[in-house]
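Visitor:
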Amino acid sequence: MTRESVLATVMERLKEFRATGNLKAVTGQAADAEAAALLDSRTHPTADWEVLCAVGLLHWDRYVALPETQGRDELTAAVRYLSPVYRQVPSIVPSQIAEFLDEVTTWHNQAVDLLEAAGTRDRHAIEEANLLLRRAVDYTSDLDPRLAGYLSTLSTGLMDLHICTGDLDVLAEAVSTGRQSLEAGTATGADNTTWGLYAFRLGQALHAWHERVDDLDALDESITLLRGAAAKSSLEDRPGRGFALSSALQARHERVGDPEALQEAIGLGRKALEATPDGHRDRWSSLAGLANALLVSYKEAGRPTVLEEAIGLYREAVERTPPGHQGRAATLSAAGIALRVRYDATGDLASLDDAIDKLREAGQAAHPGDPARPGFLTNLGHALVVRYRRVPHEATIREAVTAGRAAVGAIDDDDPRKPGLLVNLGSALMAWHEQSGDLAPLLEAPTVLSEAVARTPEQSPHRAMVLSQLGSTLRTIYQRTGDTHALAEAVRLERQAADATPASHPDRAKLLANLGIALSAQQQHALPGDTTASDQATAAFREATHISAAPPHIRLSSARAWGDLEARGNHWEEAAQGLSTAVSLLPRVAARHLWRSDQEHHLSRFPGLVSDAAAAALQNHNPERALDLLERGRGVLISQVLETRSEVTELRKHAPELAARYETLRRELESDLHAGAPPTSDSPAQEHGAVDRRYRTSLRWDSLMEEIRSRPEPELHHFLLPHGFDDLRTVARAGPVITVNVSDYRSDAIALTSDGILEVPLPALTREDVTTQVEDFVRAVGVAQDAQADIVERSDAEERVESVLGWLWDVLAEPVLTALGLTTSPASEQPWPRIWWSPTGPLNFLPLHAAGHHSRLDEGVPPTVMDRVISSYTPTLQTLHRARAKQPIGPNVPHLVVAMPHTPGQPDLPEAGEAVEILSRQYPGTTDPLVGPQATVDQVLSTLPGHAWAHFACHGWSDLNSPSESHLALHDGNLSVLKLSRLHIDDVELAFLSACSTQHGHPTLADEAIHIASAFQLIGYTHVIGTLWPIGVRTAMDLTGDVYTTLDSAAEHDATGAVGAARALSSAVRRARDKAPRVPTLWASYIHTGP
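Here it is in structure tokens:
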């Protein structure tokens, strides 16, 4: 029988029953057979509504005629077959069934509303929604196309419940229900758009399942489904589907190291973001999705531009995710991780603090049952450990341990994230031990980390870091206890970690460095002549040095360790290679995008490096290379500033468009280049924007420099690079420039003369002795200047200062002057020879110009420097070359005098006002005073540019913790090095700083010459007269008058103005010395810097 004939027969049965009430018309075997045959003849399982209507009404009529207890199955069958009909021809369906089907739809719609309102936080609302959805599923026919949708929504509700509770069984049911949804959709002929929705939801559930149980098959199935969903998405759905597929591909790459998956993830992320309108409510997810993929890419390739793009995307995502939004916690946490990664790479403390703020907020935004919350907590703990290692505060490390324990305690043992949480807890415990010295965390850490190793799969890309962390912990145990078994195990683990990491991966540098440290320790227990461990350590450090994508500070530390190990083995050529590589990395460690406080911190971690590199070059009989290293490794921060203040005539001539870009970027850099710390603001976004702006500007600057130097014109190939040796040797035409280098390897003076380089070995000058003498000297000067000390104590202190000056003569000055042929005092009518001192390291704290035995002035040729030569100083040859290139201004110039007889909060300096009288008398009509309340910071900064000469008679302070905050004390505040360095003045010549400690810097930053005197030279002053330690005001005024009188006298004869500053100061200091030769603290402090 055909479909039509069977359909006609069944319809006749319905007519007969409704006309006569004859139950036999719709019951019996014949009616059942006809109904079955009719169902078999359907043209479509769910769309042949005529057949379904006939069979459904047949069961409905039976239900109506039969007693209630016998008709329940008939009602169920009626609902099953009439459900699809109701969607097509609702008027045919009996009203009772229509009302019931409407109620089922209402249940579903109510559940959707509840889920949207609840997000992932309101467990009660989510469970109520799921109850409604279960009821809807139970009462919906398998022939009803709505069943697939109800199942899909239930899967989503179960996912939300899992996020709220972390219940793995709920997640498993979400996956199972999602599968049923997709099967039902396929069976009922769902269209492409609808099928895509079901596949999308199942794909998300499978991705979540992989994240919880590390099921790679589930992840691959997820990717397949999400691809299909993306292909069948509407324009509106495309961004969200692209984001989900991108996330799954990123997860695959992180799991198995699939670079093609990562690149596809980034491409999909970009497309998803482009397809998301700016005002779209889900734009945050597109932003965060692309940022996630970029962050993974950065971690593996180390490209700074990629990291900066990721951070910018994260910031916008956070801004677009309002408080209370279900995605806010994860977005904040991801942004915090990116900012901490930036700190790891650059050492920017502001970024680390920003990261901690965001990670704290993420933990607060996540509800207690959120399965992602343990991850938020462990990320916070890790960031706090990192900050503790930079700024060791007890509260910081205690919070880190608390967060780490909470994270581990909130996660199931079988969760694949647990090893990472254990590693971070172990790291926090080790830092806690370092802070407290308590053995308990030291003993707990190996247990925690061993569990992390045991739980980390062999194929996991994170296993290397887990192994290394345990190895580092065991090495610490060795250092604390001497347990060589622990050290041997540490070496084994560190080797495994390095071997498991790809050769070019940025993390490999750190792993190799850890291996090198452990091997270096193991070498101490080797038999005589066995250098196996040392050789392997050297190789590890060498390889780490050359991993270009690794953070600069890790490469630099590795290069220094490489060089030091080679030096211990007397392999001086290799030692020079390692140490010179370390020197070349100093500018990257103190990159221009960092705040000045960060730059100073990072440079202070490598004291003595440049001197050691120069000493290694000297061991290789290469004094020219030694001098070049001393030039490139000292004054790094000064060089950055000078780089933005260089003349660009050649660039304008050959590439005017590049010159215009250079000028624009130079202004941007100078606007905040000299900032010591991030600006404070009521708006955190403004503060963070300033940090990000510096990074972007710095990257653009580096790109521009590369573009300029790659142009065909030879004049531009070395644009803004330091002068070569041939250019620098011209600075010695007026007299030798003596760079004094002190190292544990050897000490030498390298004198650059008009004839070339003269190397003067100084075997009696050792780093240990210099350190001791500097400590004694500084202590003695302090006592000698202390008005509270008694006369005996002060006299003893002066004798100690005398002793140090004599020692300087014996071990340094006398051998150098003798080698240069400067062995006599000039006759009165002869011009005095000049020399320039350029000391390194702690020698910067000693007055080399005053070296000598000043108690023996009655000898024919007094054994002192100042009785043979005029001394000046220069931080580097580059700065002297630049200063010498300026033309003298002449004697008739405007003079500024800043005098502070009374400074709020400071002791009075009543004689300071005499400076105004001295200059007004010496230079009548050209002297402008700023005295007391007139001398405000802004007024001085605005007045300096109009005065070629400037004199300061005020308090000055050296800040050893933050050298850039060293300052002159004015009426309303501090004129700091940072504030001064923002100026750039062309027509200025002489700055006379008759104040306290204007040329005194930080011990570990001595080679950077960060002090008040250098700041004046940096802003344009050719000559600067300053002091190494506090000077009494009376002495200062007497010497001031003497200097200006001599200068004025010289100007009358040769009209050279400040060019005679060094001669004038030298004469004045000698006269002061002659009056009190046994009281060197009164006269030895003054120094001249300049040509």
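Residue 506 in full-length UniProt numbering sits at position 506 of the sequence shown; the count goes up by one each step and never skips.
Just so it is clear, CB atoms sit at the ideal spot from N, CA and C, and this is done for glycine as well.
If you're wondering where the values come from, they're calculated on a predicted model, not measured in any experiment.
Determine, using beta carbons only, whether H947 and L896 come nearer to each other than 7 Å.
Guide: Yes. Within cutoff.
Visitor: Quick one: residues in its chain with C-beta nearer than 6 Å to the C-beta of residue 1093, no 5 flanking neighbours on either side, listed in chain order?
Guide: No statement about residue 1093 is possible, as the shown extent of the chain runs from 1 to 1091 and does not include it.
Visitor: Could you check what DSSP says for F200 in three-state terms: helix, strand or coil?
Guide: Residue state, collapsed to three classes: helix.
Visitor: Is the beta carbon of L332 closer than 7 Å to that of E361?
Guide: Cβ distance < 7 Å, so E361 and L332 count as in contact.
Visitor: Would you report the Cα separation of G925 and Q1017, rounded to the nearest angstrom?
Guide: When rounded, the distance between both Cα atoms is 26 Å.
Visitor: So what's R834 in DSSP terms, helix, strand or just coil?
Guide: Residue state, collapsed to three classes: strand.
Visitor: By Cβ distance, which residues of its chain are closer than 7 Å to L762, with the 5 residues on each side in sequence left out?
Guide: These residues qualify, in order along the chain: S747, D748, A749, V811, L812 and P815.
Visitor: Starting from E759, trace the beta strand (DSSP E) in both directions and tell me its first and last residue.
Guide: Residues G756 to P761.
Visitor: For a minimum of 4 consecutive residues, which ranges assigned as the alpha helix (DSSP H) are wholly contained in the region 99-186?
Guide: You should have 123-138 and 146-165.
Visitor: Put A366 into one of helix, strand or coil per three-state DSSP.
Guide: In the structure shown, A366 sits in coil (DSSP, three-state: anything other than H, G, I, E or B).
Visitor: Which residues in the same chain as E543 place their Cβ atom closer than 6 Å to its Cβ, once the five residues preceding and following it in sequence are excluded?
Guide: So the qualifying residues of the chain are L512.
Visitor: Taking 6 Å as the cut-off, is the beta-carbon of P863 closer than that to any non-hydrogen atom of the ligand FMN?
Guide: Looking at this structure, you won't find the ligand FMN or any other ligand, since it has none at all.
Visitor: Could you check what DSSP says for H929 in three-state terms: helix, strand or coil?
Guide: The sequence given here places Pro at residue 929; His does not occur at that position. Residue state, collapsed to three classes: strand.
Visitor: Could you pull the DSSP bridge partners for H1088 from this structure?
Guide: According to DSSP, which records beta bridges pairwise, H1088 is partnered with I1025.
Visitor: Grab me the residues of L443's own chain with a C-beta within less than 8 Å of its C-beta, minus the 5 sequence neighbours each way, in chain order.
Guide: There are no such residues.
Visitor: Give the range of the beta strand (DSSP E) segment to which F952 is assigned.
Guide: Where F952 is concerned, the enclosing beta strand (DSSP E) stretches over W949 to A953.
Visitor: Between the region 404-412 and the region 364-375, are three or more C-beta pairs nearer than 8 Å?
Guide: With a cut-off of 8 Å, the region 364-375 and the region 404-412 count as touching, because enough Cβ pairs lie within range.
Visitor: What is the residue span of the alpha helix (DSSP H) that V770 lies within?
Guide: R767 to A784 is the span of the alpha helix (DSSP H), which, as asked, contains V770.
Visitor: Can you name, in chain order, every residue of its own chain whose Cβ lies under 7 Å from the Cβ of A1015, other than the five neighbours on each side?
Guide: Same-chain partners within the cutoff: V977, L980 and S981.
Visitor: Cutting at 7 Å between CB atoms, please list the residues of its own chain near V648, excluding the five before and the five after it.
Guide: Counting only Cβ-Cβ distances below 7 Å, and skipping sequence neighbours, we find A659 and Y662.
Visitor: Short check: CB of residue 1119 to CB of G178, under 7 Å?
Guide: Coverage of the chain is limited to positions 1 through 1091, which leaves residue 1119 absent and any answer about it impossible.
Visitor: Run the CB neighbour count on P145, radius 10 Å, all protein chains shown included, and call it buried at 16 or more, exposed below.
Guide: Looking at its Cβ environment, which holds 16 or more other Cβ atoms inside 10 Å, P145 is buried.
Visitor: Measuring straight from C-alpha to C-alpha, what distance separates A559 and P551?
Guide: Their backbone Cα atoms lie some 13 Å apart in a straight line.
Visitor: Taking DSSP's pairing of strands, which residues face P839 in a bridge?
Guide: Paired residues: V740.
Visitor: If you reduce the DSSP assignment to three classes, tell me which class H1053 lands in.
Guide: Bear in mind that a pLDDT of 42 at H1053, under 50, signals an unreliable position, so the number given afterwards is only what the model happens to contain. Three-state DSSP puts H1053 in a helix.
Visitor: Would you identify the three-state DSSP class for W957, choosing helix, strand or coil?
Guide: Of the three classes helix, strand and coil, the one that applies to W957 here is strand, per DSSP.
Visitor: Measure from the alpha carbon of Q522 to the alpha carbon of each residue in A497, H505, A503 and E489, then state which is nearest.
Guide: Here the closest residue by C-alpha is E489.
Visitor: What are the start and end residues of each continuous beta strand (DSSP E) run of 3 or more residues lying completely inside the region 21-87, in chain order?
Guide: Runs found: none.
Visitor: Buried or exposed for D113, going by 16 or more other Cβ atoms inside 10 Å?
Guide: It counts as exposed.
Visitor: With L872 as the anchor, note down where its alpha helix (DSSP H) starts and where it stops.
Guide: A small correction: the amino acid at residue 872 is Ser; Leu does not occupy that position in the sequence shown. Counting along the chain, S872 falls outside any alpha helix (DSSP H), though it belongs to the beta strand (DSSP E) covering I870 to Y873.
Visitor: Do A330 and K358 have their C-beta atoms closer together than 7 Å?
Guide: Cβ distance not < 7 Å, so A330 and K358 don't count as in contact.
Visitor: Taking the continuous beta strand (DSSP E) assigned at V897, which residues delimit it?
Guide: First-last of the beta strand (DSSP E) with V897: H895 to A899.
Visitor: Cα separation between L630 and D790?
Guide: Near 43 Å, if we compare the C-alpha coordinates of D790 and L630.
Visitor: Looking at C-beta atoms only, is the number of pairs between the region 944-959 and the region 852-860 that lie closer than 8 Å three or more?
Guide: Verdict: no, contact absent.
Visitor: Would you decide whether V391 is buried or exposed? Buried here means 16 or more other CB atoms lie within 10 Å of its CB.
Guide: Exposed: under 16 other Cβ atoms inside 10 Å.
Visitor: Assuming S468 contacts E494 under a Cβ cut-off of 8 Å, what Cβ separation, rounded to an integer in Å, is found between them?
Guide: S468 to E494, Cβ: 6 Å. Contact.
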